[in-house]
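Each remark here refers to the structure printed beneath this line.
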Amino acid sequence: MVVDKKNLGKENNIIGGAPRRIAPVHHQIKQQNLIKINNNDGYCLFYSLLATLVRLIGNMSRSQFYEYIHGRYGQRGKFQQETLELIDQVGAPLGREEYNAEEWVPPVVDMWNDALSELLPCWSTYPCPPRNNFLKKCDGCLKKFINEDCFNHHLNSKFCQQSKRCEKCGVIWDTKVNSKNGRNGHVCNERYCSTCNAYHDPKRGCFIKPLESKVQKPYRFVAFDLETMQHLSSGNKRNHQANFIAARVTCPKCIEEEEVECKVCGINRLVTFSERPFSKTRVDLQKVTKDPIISFVKWIIELTNEYDTIAFSHFGGRFDMVIVFRELFLLGFTPEMLKKGNKMYEMKVKVGKKNGMMPEKRKEFDRWYEDHKQQPFFLDEELASYCTNDVEILLAALIAFRREFMDVTKRGPCETAASNKAHNGIDVLRESMTIASACMNHFRTNHLKENHLALVPEKGYDNVDNQSRLALKFMKWYEEEHGVKIQTAHSDGGEKKVGNYKLDGWIEEENLGIEVNGCVWHGCERCYPEENSVLPNGLTAGKQREKDARRLEFIKNQGINVQVFWECEIRTMLDKDREMRSSFKKYLDDGPIDLRACFFGGRTGPISLFYSAKEGEKIAYYDVTSLYPFINVSTKYPVGHPKVHILNENVHWSRPEDNNFDLAILKVFVIPPRSIDVPVLPMKVGEDDERLLFSTMLSVCKGKS
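Structure, rendered in structure tokens:
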């Protein structure tokens, strides 16, 4: 492979440095298509370049590449070391906070091209440069070549057998991948779906797959508890420092019948880490250390050599795990975390505290102290007794929860909705992180039928996708700006038809067609200059441009004038035109249904957090009981993929009987009541529909956004 640097933008000042907020994109990117790099230095640019090269030509499986990027198993530190070597090879100075792509991408690309030129002399640049008017199509793989050296090289290597070109859609497809699992080669418009784990046309839609019960490998889980001190302070804040940690080890086999010599659990089932020794509490291993948390983290890491370890702690998500995560991070690990949104859990100090206690707790402690101050108190012994007892209770609760969940979820032959296999239940400690995921796991394993619950396509079910919504806003602005009437997809007759083609917009009196092309769907030459770039519709950019050119030529031959506006051009116009932005913002969306908009949830926010009653006033509590949970429980929902009806009718529904659809999801415009104290129906407003507001006036909401 040879990387081309000539298409690097000349105007954009692309800089790679330390992690920062990513700029918004205007088409959706699936998370599994992103290479995620976690770094604490300023070498993002070089990490990205090296990761891209290795992913494309490194001949690694997805799991091997993941281990390489994240430094797992035998790949620890290799990615970082090779990145530093790359920086050294191109002469870039170390230690900068950021590096300019225009300055450093060309020397990196030149170095790689020089290194590969001896192996692939005909691929010194990409695409292959034409030579001597050579043009030949290979009869074996149907690919076209404009360079004789490239043609001969692909015959002598395995490239001809490894991939072939489809003459219908222009896609170059991998022969090995398209021959697995009974598949007999490439089928146009079919793409591999990571949800279904199979090839199918994206228009068909996906279904949530029932789960098969897994045969579990041996694993251990650890219940641990931290006791901390706050005697050290940083400014006005007090730091939590662990002074005693207890950990209890077991495994599924030992839960049922504990073995003395268990390879999974090891010989030490109850381990403590403390600053001082103790003698009255019995444990298997007592580690006395200056820093218990460091010793504990190193111990639990060393446990995971052969078997997986799953750790639990009391109140872990907001306390214990935060302290453990810090030490893991300082040791060079970057765990993948499930967080609530993008927020890290934080600890706040209340003003009402005195010496670390609330007033009521302080009084209780003072009374206890007066009663016991003459009695000897051995903190080291009490910590050991208290903390080890904590982890025994936690472990007992985990075992009971696991056993009950397995009893509830186990099934005999032919007792599940989608399988005839029997299973012994779901190991909730192994398979799920939250109660919600445990319930969903149970539902999908035991109750979900095949092809029952549909996955909504990213573009929705209508022929109007995200780009078309932009087009509709543009048409509305164009109408206002030029004083014309435009026929669109939402007009009574739908889009204007010309032969077998349709126009996005049609101005009858001017004999003018308007096309709004989404860059990612039509292969904009500015945004997608490479001919072989595969677009989301399955066609290459070159093939899509050829298709669009034939379409425009046919329409123009019918005596119709056509103006083409590209998505990137419209967004540039928006940046420069305030009135245009205002028109887009005021656009009332009467387009296709967004099914997720049905599930905003009930209103829960308080109206007033604090109010000081004046003389003669009384404070009353006023609550709105949300019907959202009740409606979800008691109302029927359609299942499977729907039949879409495009109506856009003016109706006046004031009673349930006015709705003549038996079972459907409808998009309706609700006229709010003129007098209501607390509005309960939400709406999302703003440039990107980012704010959820409860109001009776759309203009007020848009004014606040």
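Residue numbers (our numbering): 61 to 765. Using N, Cα and C, we set each Cβ at its ideal position, and we do this for glycine too.
When beta bridges are read from the DSSP output, M743 appears opposite L753.
For H582, the uninterrupted alpha helix (DSSP H) segment begins and ends at C579 to H582.
Per DSSP, S294 is one residue of the beta strand (DSSP E) stretching across Y279 to S294.
In the three-state scheme derived from DSSP, where H, G and I count as helix and E and B as strand, K646 is classed as helix. Spanning the alpha carbons of L146 and H213 requires a straight line of approximately 29 angstroms. For E318, there is no enclosing beta strand (DSSP E), as DSSP marks it with neither H nor E. Assignment of beta strand (DSSP E) within the segment 542 to 628, counting only whole runs of 3 or more residues, yields 556 to 558, 561 to 563, 565 to 567, 572 to 577 and 621 to 626 in chain order. W713 carries a coil assignment under DSSP once its states are collapsed to helix, strand and coil.
In this structure, the CA atom of Y107 is about 8 angstroms from the CA atom of Q140. Between L458 and G662, the alpha-carbon positions lie close to 33 angstroms from each other. In the same chain as L345, and ignoring 5 residues on each side of it, the C-beta atoms closer than 8 angstroms to its own belong to N328, L330, V331 and T332, in chain order.
Distance from the CA atom of H705 to the CA atom of T695, rounded to whole angstroms, is 21 angstroms. In this structure, DSSP gives V150 a state outside helix and strand, which the three-state scheme calls coil. Runs of the beta strand (DSSP E) spanning 3 or more residues and lying entirely within the segment 195 to 241 occur at 223 to 225 and 232 to 234, in chain order.
Residues of the same chain with a CB within less than 7 angstroms of the CB of L110, apart from the 5 flanking positions on each side, are E142, T143 and L146 in chain order.
For K347, there is no enclosing alpha helix (DSSP H); the residue is part of the beta strand (DSSP E) that begins and ends at L345 to V348. Contact check for N484 against M466 passes: the beta carbons are separated by less than 8 angstroms. Around the beta carbon of Y103, 16 or more other beta carbons lie within 10 angstroms, which makes this residue buried. Listed as beta-bridge partners of N299 by DSSP are L292.
Going by DSSP, F393 is part of no beta strand (DSSP E) at all; its letter is neither H nor E. Across the structure, G700 and F267 are spaced so that their CA atoms are roughly 8 angstroms apart. DSSP, read as helix, strand or coil, puts H374 in coil.
Boundaries of the alpha helix (DSSP H) harbouring C447: L439 to T469, taken from the DSSP string.
With a contact defined as Cβ atoms closer than 8 angstroms, R264 and G598 miss out at about 13 angstroms. The C-beta distance from C628 to C584 rounds to 6 angstroms, short enough to meet the 8 angstroms contact threshold.
Check the Cα spacing between N193 and each of D199, C201, D487 and F205: the tightest is with F205. Taking the C-beta atoms as reference points, S339 is found no nearer than 8 angstroms to P352.
At least 8 angstroms separates the beta-carbon of A601 from that of E613. Scanning its chain for C-beta atoms nearer than 7 angstroms, with the 5 sequence neighbours on each side dropped, one finds around L723 the residues K696 and P698, in chain order. By the CB criterion at 8 angstroms, I546 and Q623 fall outside the cutoff. Scanning W537, A514 and S355 for the CA closest to the CA of T255 turns up A514. With contact defined as three or more Cβ pairs closer than 8 angstroms, the segment 353 to 372 and the segment 273 to 292 are in contact.
The alpha-carbon separation between E675 and R751 amounts to approximately 38 angstroms.
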